[in-house]
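Only one structure is covered here, and it is reproduced in the block below.
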Ligand code: LLP
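Numbering (this note's numbering), first residue to last: 533 to 943.
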């Protein structure tokens with residue numbers, strides 16, 4: 533936690549300096565924090581061959597991808613375009629796990645041709661892959677374990693009603709297809725959702741994965757997915773990855789012994805790596821009073837940070853300009869022509885028009901879920917590293933909004 537007496541700084545650079553240079557709204561990422569989160573995982577899971585496939589969808593900026601590559605991460609991607617960004621950032625195709633859902637077989641063929649690791653999410657695509665490539669293209673299987681994980685139902689994906697993965701109940705059907713085409717299954721995967729705090733969820737997945745794995749003799753890895761919770765609210769704790777490692781690593785090693793070979797342990801963390809490293813800096817444009825509520829209207833909205841509206845997610849807000857002001861309660865809202873409430877009845881040091889506010893935990897699924905709704909350009913992005921602020925994406929302009937429009941004149 534930062535002291536309110538010091539100017540609010542990110543990676544040693546005061547936010548006021550960055551706002552002077554780049555304006556608001558502005559995304560800022562602390563590169564050191566990103567690397568240290570990766571290292572926390574690297575250090576926790578010792579005694580196994582660990583591969584951390586950073587879930588690029590959380591924050592796809594090329595400079596961030598490069599930073600993580602340098603720190604030893606691989607990538608998990610969900611689209612060909614994410615994979616292409618990975619290649620541009622210098623990842624080798626073999627470092628990239630392609631985990632799509634609901635894409636066309638043509639896209640899977642493209643991924644095969646690019647040399648990515650393929651993760652298959654339906655029996656239909658497994659059948660098509662087998663028919664086209666037989667044993668020549670190895671693939672991983674994404675299983676749906678029917679586990680309810682994490683507290684937020686909007687981001688749970690391992691339950692029986694979820695569209696993701698192949699139901700574990702269809703394991704015999706999977707084997708029929710694998711045997712028919714002699715498909716080389718090189719990995720098994722389960723991802724049950726986001727914001728998972730309880731190690732038990734991963735242990736439940738592990739049990740299912742280990743049980744299934746014994747019947748696939750050519751495995752190279754088992755992926756336990758992503759989803760490690762991070763702290764969003766003051767006083768809240770994220771997933772204890774050391775505790776998870778203490779439970780999972782011995783079980784994994786024992787399983788490898790039974791399996792007869794050492795396998796690689798994979799994870800696909802997104803939030804854990806970049807959430808807490810990211811901040812969205814906004815300006816309070818307007819204070820508005822109703823008989824019931826005091827609104828703070830800021831120069832951003834769900835076009836830039838949709839998590840509070842989409843998932844009812846809590847993002848801590850810091851009033852950088854008036855940290856010692858008397859505490860009052862506000863509804864912090866955006867400038868979009870919809871009800872875009874960032875925070876309801878939130879106690880903050882008194883906010884005055886023109887104050888600089890900072891949203892915490894904006895690194896994951898912040899910019900990457902941003903849009904141009906209301907024809908608002910998306911913010912610039914800054915990466916602070918070794919005490920220096922680097923502009924890593926320029927603020928969009930009107931040209932960006934019109935670039936692909938084809939103007940037909942009907943006059
Ligand atoms: N692996 C797979 C297959 C995934 O689908 C995801 C996230 C991850 C890994 C990374 O999960 P993480 O470690 O970031 O929790 N936009 C939502 C979260 C949805 C994540 C979608 N898949 C949010 O802002 O909370």
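Heads up, the beta-carbon is just placed ideally off N, CA and C, and yes, glycines get one too.
- For ligand 1, residues qualifying as neighbours are 587, 589, 590, 608, 610, 631, 687, 689, 723, 726, 727, 757, 758, 759, 760, 800, 801, 802, 803, 804, 839, 843, 845, 896, 897, 901, where qualification means a beta carbon closer than 7 Å to at least one of its heavy atoms (chain order).
- In chain order, 679, 681, 724 place their CB closer than 7 Å to the CB of residue 733, counting only its own chain and leaving out the 5 sequence neighbours on each side.
- Around the CB of residue 876, fewer than 16 other CB atoms lie within 10 Å, so the residue is classed as exposed.
- Around the Cβ of residue 695, a 10 Å sphere holds fewer than 16 other Cβ atoms; the residue is exposed.
- In the three-state reduction of the DSSP assignment, residue 644 falls in the helix class.
- In the structure shown, residue 719 falls within a strand segment according to DSSP collapsed to helix, strand and coil.
- In the structure shown, residue 672 falls within a strand segment according to DSSP collapsed to helix, strand and coil.
- Ranked by how close their Cα comes to the Cα of residue 572, the residues 858, 872, 776, 852 have 776 in first place.
- Look at residue 608 here: in three-state DSSP terms it is strand.
- When secondary structure is reduced to three states using DSSP, residue 852 falls in the coil class, being assigned neither helix nor strand.
- Apart from the 5 residues on each side of it in sequence, residue 581 sits with its Cβ closer than 6 Å to the Cβ of 796 in its chain, given in chain order.
- By the Cβ rule, the region 809-818 counts as touching the region 879-888, because three or more pairs are nearer than 8 Å.
- Our two residues, residue 589 and residue 800, have alpha carbons roughly 11 Å apart in a direct line.
- If you compare the alpha carbons of 736, 759, 703 with that of residue 729, the shortest gap goes to 759.
- In the structure shown, residue 863 falls within a strand segment according to DSSP collapsed to helix, strand and coil.
- Taking the Cβ atoms as the reference, residue 780 lies roughly 13 Å from residue 722, outside the contact range of under 8 Å.
- For residue 822 and residue 845, the gap between their C-alpha atoms comes out near 25 Å.
- Residue 826 sits away from residue 854, with the two beta carbons spaced by 9 Å or more.
- Take residue 599, set aside five residues on each side of it, and the residues of its chain with a beta-carbon closer than 8 Å to its own are 563, 566, 567, 915, 917, in chain order.
- Nearest in C-alpha terms to residue 664, of all of 673, 641, 848, is 641.
- For the region 715-762, the continuous alpha helix (DSSP H) assignments of 4+ residues that do not extend past its boundaries occur at 731-745, in sequence order.
- The region 830-841 makes contact with the region 893-913; the number of CB pairs closer than 8 Å reaches 3 or more.
- Membership of residue 662 in the alpha helix (DSSP H) is indicated by the continuous run 655-665.
- A contact is defined here as three or more CB-CB pairs under 8 Å, and the region 544-560 meets this definition with respect to the region 906-914.
- In this structure, DSSP gives residue 936 a state outside helix and strand, which the three-state scheme calls coil.
- Linking residue 708 to residue 743 through their CA atoms gives a straight-line distance of about 17 Å.
- The secondary-structure analysis by DSSP pairs residue 812 across a beta bridge with 559, 891.
- Taking all protein chains in view, the Cβ of residue 715 is crowded by 16 or more other Cβ atoms within 10 Å, so the residue is classified as buried.
- Counted as a single uninterrupted DSSP element, the stretch harbouring residue 695 is not any beta strand (DSSP E), since DSSP gives it neither H nor E.
- Taken through DSSP and simplified to helix, strand or coil, residue 941 comes out as coil.
- The beta carbon of residue 686 sits closer than 6 Å to those of 843, all from its chain and outside the five residues before and after it, given in chain order.
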